[in-house]
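Chemist:
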Amino acid sequence: MSAQKETLGFQTEVKQLLHLMIHSLYSNKEIFLRELISNASDAADKLRFEGLAKPELFENDAELNITVSFDKEARTITISDNGIGMNRDEVIANIGTIAKSGTKAFFEQLSGDSKKDANLIGQFGVGFYSAFIVADKVSLTTRRAGSAASEGVRWESQGEGEYTLEQVEKAGRGTDIVLHLKEGEDDLLNDWALKRIVRTYSDHISIPILMKKGNSYGENGEVIESDELEAVNAASALWTRSKSEISDEQYIEFYKHVAHDFTDPLAWSHARVEGRQEYTELLYIPARAPFDMWDRERKQGIKLYVRRVFIMEDSDKLMPQYLRFVRGVIDSNDLPLNVSREILQESKDIDAIRAGCVKKVLGLLEDLASNQPEKYAAFWKEFGQVLKEGVGEDHANKERIAKLLRFASTAVDGDEPTVSLSDYIGRMKEGQDKIYFITADTLAAARNSPHLEVFKKKGVEVLLLTDRVDEWVVGSLFEFDGKSLQSVAKGQLDLGALEDEADKEAQKQAEEAAKPLVEKVQNALGDKVKEVRATVRLTDSPACLVAGEHDMSAHLERMLKAAGQKVETSKPTLEINPEHVLVKRLAEESDAGRAADLAQVLYDQALLAEGGKLEDPATFVKRINKLLLELTA
Numbered sequence: 001m002s003a004q005k006e007t008l009g010f011q012t013e014v015k016q017l018l019h020l021m022i023h024s025l026y027s028n029k030e031i032f033l034r035e036l037i038s039n040a041s042d043a044a045d046k047l048r049f050e051g052l053a054k055p056e057l058f059e060n061d062a063e064l065n066i067t068v069s070f071d072k073e074a075r076t077i078t079i080s081d082n083g084i085g086m087n088r089d090e091v092i093a094n095i096g097t098i099a100k101s102g103t104k105a106f107f108e109q110l111s112g113d114s115k116k117d118a119n120l121i122g123q124f125g126v127g128f129y130s131a132f133i134v135a136d137k138v139s140l141t142t143r144r145a146g147s148a149a150s151e152g153v154r155w156e157s158q159g160e161g162e163y164t165l166e167q168v169e170k171a172g173r174g175t176d177i178v179l180h181l182k183e184g185e186d187d188l189l190n191d192w193a194l195k196r197i198v199r200t201y202s203d204h205i206s207i208p209i210l211m212k213k214g215n216s217y218g219e220n221g222e223v224i225e226s227d228e229l230e231a232v233n234a235a236s237a238l239w240t241r242s243k244s245e246i247s248d249e250q251y252i253e254f255y256k257h258v259a260h261d262f263t264d265p266l267a268w269s270h271a272r273v274e275g276r277q278e279y280t281e282l283l284y285i286p287a288r289a290p291f292d293m294w295d296r297e298r299k300q301g302i303k304l305y306v307r308r309v310f311i312m313e314d315s316d317k318l319m320p321q322y323l324r325f326v327r328g329v330i331d332s333n334d335l336p337l338n339v340s341r342e343i344l345q346e347s348k349d350i351d352a353i354r355a356g357c358v359k360k361v362l363g364l365l366e367d368l369a370s371n372q373p374e375k376y377a378a379f380w381k382e383f384g385q386v387l388k389e390g391v392g393e394d395h396a397n398k399e400r401i402a403k404l405l406r407f408a409s410t411a412v413d414g415d416e417p418t419v420s421l422s423d424y425i426g427r428m429k430e431g432q433d434k435i436y437f438i439t440a441d442t443l444a445a446a447r448n449s450p451h452l453e454v455f456k457k458k459g460v461e462v463l464l465l466t467d468r469v470d471e472w473v474v475g476s477l478f479e480f481d482g483k484s485l486q487s488v489a490k491g492q493l494d495l496g497a498l499e500d501e502a503d504k505e506a507q508k509q510a511e512e513a514a515k516p517l518v519e520k521v522q523n524a525l526g527d528k529v530k531e532v533r534a535t536v537r538l539t540d541s542p543a544c545l546v547a548g549e550h551d552m553s554a555h556l557e558r559m560l561k562a563a564g565q566k567v568e569t570s571k572p573t574l575e576i577n578p579e580h581v582l583v584k585r586l587a588e589e590s591d592a593g594r595a596a597d598l599a600q601v602l603y604d605q606a607l608l609a610e611g612g613k614l615e616d617p618a619t620f621v622k623r624i625n626k627l628l629l630e631l632t633a
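The UniProt record's numbering applies: residue 1 is where the sequence shown begins, and numbers increase by one.
In C-alpha cells, the structure reads:
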C-alpha cells in the first residue's frame, strides 16, 4: 500500500544549513556516518526508555541494534535501526524544520569563512543533514514503535528546496536511511572503509553496529560471500569500562557523540563513585563556547542514565547554571527507572550526585589552572563569564570558584584577564589590607579612570572589572583569603597603612584650604550631588564622582537602566583636586555666572570620565564653547 506523494518545502533555515554544510564540511566528509549512527543510537535509547512503561513498543523484538550496509551496483549506503522511529508529524518536525532555540543567533554568527563556519555548524549539531555531504539523494523510511505496519512514512529529498512525503508499508519499527552517493564517493562502497569509519568514530556506541562479515575463500580460491552479521563496535557503554581500557581517542569521539560537537574537548573526568549513592560520571569541559550560551531557553548538557538505561537529557537538576557548559553522562545505580523531572526536583540522591559532580568539575578546572595554564587560559576566554556566576549562585563552593577567577589588572599589560586573586595578594604592598578593584564598561575606561591616579602614584595594583557579571561577583564576594574587596570608586579614600603621616597631613590641609572653594562648587551644583569635598585621590584630573560606600555603583546603575529596570538613583559625591589648574581658576573666579559654568563643567567631565551619560549634551557643548571663547578673547 502506498499513499499519494506530497511535496513540501524546507524551512528557509534548513536550506541555508544544507548549503553551508555541503560547502563547509566536505573536507571532513566521514562525519556523516558518525552523525547518522549517533541519531540511530539516540532512537534506541528513547525506545528503551519509553518501553519501561510500555513494553509492547518492543513488538517482540527487544534486541536493539544498528545495521550498516552498502550496494555497489546501486551506489547506495544504508543505515538502519530498530529504535523508536517517527510518525509523519515527527518527520516534518525533525527533518523539515529546525525548531531549535538560538537558530537566529547561529545564522547571525556565520562569517562566510568555511573553516570558521564548519566549527560553528558543528556546535549547532548537524545530525541528519550531514547525509547530504556525500549523497545527492536521501531516502528515509520510518515507522514509530507501536503503530501499524501501514503507518510507515517515506521521506525523500535531493537536499535542495523541497522534499516528498508518502505513507508506506513498513513491517519493522525504526528507521532506514538510504544514501544515493554523489559522483566521486565510490571509495565508501567497501567493507574496509565503512568498518574503519565506524571503529574510529562510533566504537563507543552502546548497542551493536552490525555489518556483514568479511568474505572468505573456498578450497579453489573462489570468493564466498557471507550474509552473517557481526558487531563492528565494542557495543558497551563507554563510561562503564575501566579507564585503563579507554584511549584518549575513544574519550574524544564519545564527547563528540554526546555533545554533538566537532572540536575536541579541553579536558574530562571519568570516575565511579561508591558509597551511599553509587553512580558513574563522565564529564567533559568543551574547548569552545556554544553560540547560544546566553540563550535562556537553551538546554543543559548532561544525559542521565539509570543502570545504563537512558532516562533523559538536558536535565537542569544535574548541573548548576554556572556550569551549563559541561557535557557528559551520569549513570546512577540507585535512582528508579521511572524517575521523572518532577521527582528529580525533590530527590536527595540527585542533590548528592550533583554536589559530587560539581566538585569533580571544579577539581578538573583547578588542575588545569595549576598544571596546564595555557589550557586554563583557553577555558577562561570561552567560559570565564559563566563561571563567575557561581560566586553568587553556589555558596558552598564560593571560595573554590573565587580561586579560579581571572581579571585584568593595572599590574599587567594587555587585555587578557590573567590575574587571580591569589596572584594579587602575593603582590600586595606592605601594610595593604584590601584588594582594590574598579568596574567599568570597557577596559580602556577602567585603565584611564581618574579613580586610579593615586593608586598608580603609589604603585598599588587595581583589578579592572569590565564583564557585565562582575558587578554581581563583587556584590557577593566581600573578601578573599582574609582580605576585603574594595571599590576605588566608592566611599571616602582610605588607604590605611599605605598612607604615611605626610599624606594624612596633606589631605587635612587640602580640605581646610579648599573650604571656600567647596562651598562655591556646592552652591553651583545644588542637589545634583550629595556633597563636594577636596581630595588627594587625584593627581592629573580636576574632579571625579564617588558613590557612597553602601550605594550602588554608577556602572551597575547604568546596566540596570539599560536592562529596563527602575533604579532609585543615588546622588554621588564630587571630589575635586585643589592643585589642578582648572580648579585653581575656579577658586579665583569672582564672576558668579562663570564660576557656576566652570563648576558644572567639572561635574559633567567627571560624569563622562566614568562612562556616564549627560542629561543635556547640547548645553554642555554650549557651555564649553562659551568658556573657550572667553578664554581666547
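Beta carbons: idealized from backbone N, C-alpha and C, even for Gly.
Report back the beta-carbon spacing between V536 and L574 to the nearest angstrom; my notes put them in contact at under 8 Å.
Modeler: Here residue 536 corresponds to residue number 536 of the sequence shown, with the count starting at 1. Here residue 574 corresponds to residue number 574 of the sequence shown, with the count starting at 1. Contact flag wrong, Cβ pair sits at about 15 Å.
Chemist: Does DSSP put M211 in a helix, in a strand, or in coil?
Modeler: On the sequence shown, position 211 is the one that residue 211 refers to. In the structure shown, M211 sits in a strand (DSSP, three-state: E or B).
Chemist: Identify the continuous alpha helix (DSSP H) that holds E59 and give its terminal residues.
Modeler: The residue labelled residue 59 in the question sits at position 59 within the sequence shown. No alpha helix (DSSP H) contains E59, which DSSP labels as neither H nor E.
Chemist: Is W268 helix, strand or coil by DSSP?
Modeler: As a working note, residue 268 is residue 268 in the sequence shown. When DSSP states are grouped into helix, strand and coil, W268 belongs to the strand group.
Chemist: Would you check if the distance between the CB atom of Y201 and the CB atom of L33 is smaller than 9 Å?
Modeler: Within the sequence shown, the letter at position 201 stands for residue 201. Within the sequence shown, the letter at position 33 stands for residue 33. Yes, these two residues count as a Cβ contact at 9 Å.
Chemist: Kindly indicate which residue of E73, H204, K243 and T142 has the alpha-carbon position closest to the one of L181.
Modeler: Taking the sequence shown and counting its residues from 1, one reaches residue 181 at position 181. Nearest option by C-alpha distance: E73.
Chemist: Per the contact definition of three or more C-beta pairs closer than 8 Å, is the segment 323 to 343 in contact with the segment 251 to 269?
Modeler: Counting Cβ pairs under 8 Å, three or more are found: they touch.
Chemist: Pull up the distance between the alpha-carbon of L407 and that of T418, whole angstroms please.
Modeler: Taking the first residue of the sequence shown as 1, we reach residue 407 at position 407. Taking the first residue of the sequence shown as 1, we reach residue 418 at position 418. Correcting the residue type first, residue 407 is Phe in the shown sequence and not Leu. Cα to Cα, F407 sits roughly 6 Å from T418.
Chemist: On a CA-only basis, which of D441, A444, S409 and D415 is nearest R427? Give me that one, please.
Modeler: Taking the sequence shown and counting its residues from 1, the one referred to as residue 427 is at position 427. Closest by alpha carbon: S409.
Chemist: Which same chain residues end up closer than 7 Å to V518 when comparing Cβ atoms and leaving out the 5 residues on each side of it in sequence?
Modeler: Residue numbering aside, residue 518 sits at position 518 when the sequence shown is read from its first letter. The residues are V532, R533 and A534.
Chemist: Helix or strand or just coil, what does DSSP make of D331?
Modeler: As a position in the sequence shown, residue 331 is number 331, starting the count at 1. In this structure, D331 counts as strand in the three-state DSSP scheme.
Chemist: Between the segment 586 to 602 and the segment 620 to 628, are three or more C-beta pairs nearer than 8 Å?
Modeler: yes
Chemist: Tell me the residue span of the alpha helix (DSSP H) that contains T200.
Modeler: Position 200 of the sequence shown, counted from the first residue, corresponds to residue 200. D191 to Y201 is the extent of the alpha helix (DSSP H) around T200.
Chemist: Helix, strand or coil for R533, going by three-state DSSP, please let me know.
Modeler: Position 533 of the sequence shown holds residue 533. R533 falls in the strand class under three-state DSSP.
Chemist: In the DSSP assignment, the beta strand (DSSP E) including I66 goes from what residue to what residue?
Modeler: The residue given as residue 66 occupies position 66 in the sequence shown. That run of the beta strand (DSSP E) goes I66 to D71.
Chemist: If S153 and L165 are in contact, beta carbons under 8 Å, what's the gap, nearest whole angstrom?
Modeler: For the purposes of this step, residue 153 is identified with residue 153 of the sequence shown, where counting begins at 1. For the purposes of this step, residue 165 is identified with residue 165 of the sequence shown, where counting begins at 1. Note that residue 153 corresponds to Val in the displayed sequence, not to Ser. Between L165 and V153 the Cβ distance is about 7 Å, and since that is below 8 Å, they are a contact.
Chemist: Which of the three DSSP states, helix, strand or coil, is assigned to M312?
Modeler: Walking along the sequence shown from the start, residue 312 turns up at place 312. Note: M312 maps to strand in three-state DSSP.
Chemist: Residue range of the beta strand (DSSP E) that I302 falls in?
Modeler: Translated into the one-based positions of the sequence shown, residue 302 becomes position 302. I302: member of the beta strand (DSSP E) spanning I302 to V306, first to last residue.
Chemist: Can you name, in chain order, every residue of its own chain whose Cβ lies under 8 Å from the Cβ of K429, other than the five neighbours on each side?
Modeler: Here residue 429 corresponds to residue number 429 of the sequence shown, with the count starting at 1. Same-chain partners within the cutoff: K458, G459, V460 and L498.
Chemist: Please name the residue, chosen from A596, V473, A145 and V546, that lies closest to G526 on a Cα-to-Cα basis.
Modeler: Within the sequence shown, the letter at position 526 stands for residue 526. When each option's Cα is compared against that of G526, the closest is A596.
Chemist: How many Å lie between Q432 and L20 at the Cα?
Modeler: On the sequence shown, residue 432 is found 432 positions in, with the first residue counted as 1. On the sequence shown, residue 20 is found 20 positions in, with the first residue counted as 1. Roughly 57 Å separates the two Cα atoms.
Chemist: Give a yes or no on contact between the segment 37 to 53 and the segment 201 to 213, applying the rule of three or more CB pairs nearer than 8 Å.
Modeler: yes
Chemist: Quick one, are the C-beta atoms of S487 and F437 less than 9 Å apart?
Modeler: Locating residue 487 in the sequence shown gives position 487, counting from the first residue. Locating residue 437 in the sequence shown gives position 437, counting from the first residue. A contact, by the Cβ cut-off of 9 Å.
Chemist: In whole angstroms, what is the alpha-carbon distance linking S147 and F383?
Modeler: Here residue 147 refers to the residue found at position 147 of the sequence shown. Here residue 383 refers to the residue found at position 383 of the sequence shown. The straight-line gap from Cα to Cα measures roughly 45 Å.
Chemist: Beta strand (DSSP E) containing I285: first to last residue?
Modeler: Walking along the sequence shown from the start, residue 285 turns up at place 285. For I285, the enclosing beta strand (DSSP E) begins and ends at Y279 to I285.
Chemist: Taking the alpha carbon of Y279 as the reference point, which residue from D349, G475 and A378 has its own alpha carbon closest?
Modeler: Translated into the one-based positions of the sequence shown, residue 279 becomes position 279. Checking every option, the nearest Cα to that of Y279 belongs to D349.
Chemist: Starting from the Cα of E549, find the closest Cα among G491, A267 and G161 and give me that residue.
Modeler: Within the sequence shown, the letter at position 549 stands for residue 549. Cα-wise, what sits closest to E549 is G491.
Chemist: Just to confirm the assignment: which complete alpha helix (DSSP H) runs, minimum length 4, are found wholly within the segment 409 to 494?
Modeler: Runs of the alpha helix (DSSP H) lying entirely within the segment 409 to 494 and spanning at least 4 residues, in chain order: 421 to 426, 443 to 447, 453 to 458 and 470 to 476.
Chemist: Rounded to whole angstroms, how far is the Cβ of V546 from the Cβ of A489, which I believe are closer than 8 Å?
Modeler: Translated into positions along the sequence shown, residue 546 becomes position 546. Translated into positions along the sequence shown, residue 489 becomes position 489. About 6 Å; that satisfies the 8 Å criterion.
Chemist: I'd like the list of long-range same chain contacts for M1, defined as Cβ closer than 7 Å, with 5 residues on each side in sequence excluded.
Modeler: What you label residue 1 is simply residue 1 of the sequence shown in a count that begins at 1. The pLDDT assigned to M1 is 46, lower than 50, so where the model puts this residue is not dependable, and the model offers no usable value.
Chemist: Where does K182 sit, in a helix, a strand or coil, going by DSSP?
Modeler: Translated into the one-based positions of the sequence shown, residue 182 becomes position 182. It is coil, neither helix nor strand.
Chemist: One question on the structure: do P450 and D540 come within less than 9 Å of each other, judged by their Cβ atoms?
Modeler: As a first step, residue 450 must be located in the sequence shown, where it is residue number 450. As a first step, residue 540 must be located in the sequence shown, where it is residue number 540. Taking 9 Å as the Cβ cut-off, P450 and D540 qualify as a contacting pair.
Chemist: Smallest Cα separation from E610: which of T619, T442 and K504?
Modeler: As a working mapping, residue 610 is identified with position 610 in the sequence shown. When the alpha-carbon of E610 is set against those of T619, T442 and K504, the nearest one is in T442.
Chemist: According to the Cβ coordinates, are G390 and Y322 closer than 9 Å?
Modeler: Numbered from 1 along the sequence shown, position 390 holds the residue referred to as residue 390. Numbered from 1 along the sequence shown, position 322 holds the residue referred to as residue 322. Yes.
Chemist: Taking L318 and R272 to be in contact with their CB atoms under 8 Å, please state how far apart those CB atoms are, rounded to whole angstroms.
Modeler: Indexing the sequence shown from 1 puts residue 318 at position 318. Indexing the sequence shown from 1 puts residue 272 at position 272. Not quite, the Cβ-Cβ distance comes to about 17 Å (not below 8 Å), so this is no contact.
Chemist: Report the start-end ranges of each alpha helix (DSSP H) in the segment 507 to 595 that is 4 residues or longer and not cut off at the edges.
Modeler: 515 to 525, 554 to 562 and 581 to 588
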